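Chemist:
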């Protein structure tokens, strides 16, 4: 069965510093991977996804994520954090070979400190 | 263009009552998903529809929960005999189809359900 783990409930980063939000996954086949963001009192918004091709995926708001097959990871990164990046971030995975639902992680709350 | 809409935005009900939550997907999206987000928790998958059929109902917490979709568009999530543990934000999402290359999900604002 597919699964996704976000090992950190919360990440604190000073404004201007690089940020990383971690995600690892488990699927029987090849994965499709997603990142979503939930700002306070707002719905979830799509950030980026990895389907195939280049392991480094660029998305909205300056975020990017790197697919690492050997480490089964898809960590979200940004070179320079903004206070406005403070939100709840969800990683999600779908098994490429199955007509299956997408599984979401439990989320990581990102706090950018001014 | 219009996004995913959900109604009501807030619902307060008494324990034991039935509630209906509505989701209007983006026009043309054949796939529709329901999730539950409890306070401090992640997204819990409930059910998804491809067209009017629901291939996967495995996430429904109990037989008090049911969902239907008619005309390949609007979906209704019904909770019968609500319990306090049903209190959560119920999120709906839609995507073009349930195929990997097109299943970027677009979420509605959610319905906050409070069971007293």
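Residue numbers (this note's numbering), protein chains in the order written: chain A, 1 to 114; chain B, 1001 to 1116.
Cβ coordinates follow ideal geometry from the N, Cα and C atoms, glycine included.
Nothing here was measured: the structure is a model prediction, and the numbers come from that model.
1. Please list the residues of the segment 1102–1113 of chain B that have a C-beta atom closer than 9 Å to any C-beta atom in chain A, keeping them in chain order.
2. Where does the unbroken beta strand (DSSP E) through residue 41 of chain A begin, and where does it stop?
3. CA-CA distance, residue 1062 of chain B and residue 9 of chain A?
4. Out of B:1084, B:1036, B:1095, B:1085, which has the shortest C-alpha to C-alpha gap to residue 983 of chain B?
5. Going along the chain, which residues of the segment 1047–1067 of chain B sit with their C-beta nearer than 7 Å to a C-beta in chain A?
6. Looking at the secondary structure, which residues open and close the beta strand (DSSP E) in which residue 1023 of chain B lies?
7. Taking the alpha carbon of residue 84 of chain A as the point to measure from, which residue in A:7, A:57, A:25, A:113 has its own alpha carbon closest?
8. Starting from the beta carbon of residue 1028 of chain B, find every residue of chain A whose beta carbon is closer than 9 Å, and list them in chain order.
9. Going by DSSP, name the residue or residues bridged to residue 52 of chain A.
10. Would you list, in chain order, the members of the segment 1077–1093 of chain B that have their beta-carbon closer than 9 Å to a beta-carbon of chain A?
11. 8 Å is my cut-off, CB to CB: does residue 978 of chain B come that close to chain A?
12. Please state the DSSP three-state secondary structure of residue 27 of chain A.
13. What's the call for residue 81 of chain A, buried or exposed, on a 16-neighbour Cβ count within 10 Å?
14. Rounding to the nearest angstrom, what Cα-Cα distance links residue 1114 of chain B and residue 40 of chain A in this structure?
15. I want to verify the contact list: residues of chain A whose CB lies under 9 Å from the CB of residue 1117 of chain B, in sequence order.
16. Hey, is residue 20 of chain A close to the ligand FMN, as in C-beta under 7 Å from one of its heavy atoms?
17. With DSSP as the reference, please indicate the residues paired to residue 1010 of chain B in a beta bridge.
18. Would you report the Cα separation of residue 1082 of chain B and residue 96 of chain A, rounded to the nearest angstrom?
19. Once the 5 residues before and after residue 1014 of chain B are set aside, which same chain residues still bring their CB inside 6 Å of it?
Modeler: Quick look at the numbers:
1. Those would be 1103, 1104, 1105, 1106, 1107, 1108, 1109, 1110, in chain order.
2. Premise fails: residue 41 of chain A is in no beta strand (DSSP E) and is neither H nor E.
3. 28 Å
4. Any question about residue 983 of chain B goes unanswered here, given that chain B covers just 1001 to 1116.
5. 1048, 1056
6. Going by DSSP, residue 1023 of chain B is part of the beta strand (DSSP E) stretching over 1019–1024.
7. Cα-wise, what sits closest to residue 84 of chain A is A:113.
8. Those within 9 Å of residue 1028 of chain B in chain A number zero; the least Cβ separation is about 17 Å.
9. DSSP output for residue 52 of chain A lists no bridge partner at all.
10. Residues are counted here when their Cβ sits less than 9 Å from a Cβ of chain A; for the segment 1077–1093 of chain B these are 1091, 1093, given in chain order.
11. Residue 978 of chain B lies beyond the residue range present for chain B, which begins at 1001 and ends at 1116; the question has no answer from this structure.
12. coil
13. Residue 81 of chain A comes out buried.
14. 19 Å
15. No information on residue 1117 of chain B is available, as it lies outside the stretch 1001 to 1116 that chain B covers here.
16. By its list of ligands, the structure shown contains no ligand whatsoever, and the ligand FMN lies outside what it can speak to.
17. Within the DSSP bridge table, the entry for residue 1010 of chain B names B:1112 as partners.
18. 37 Å
19. 1116
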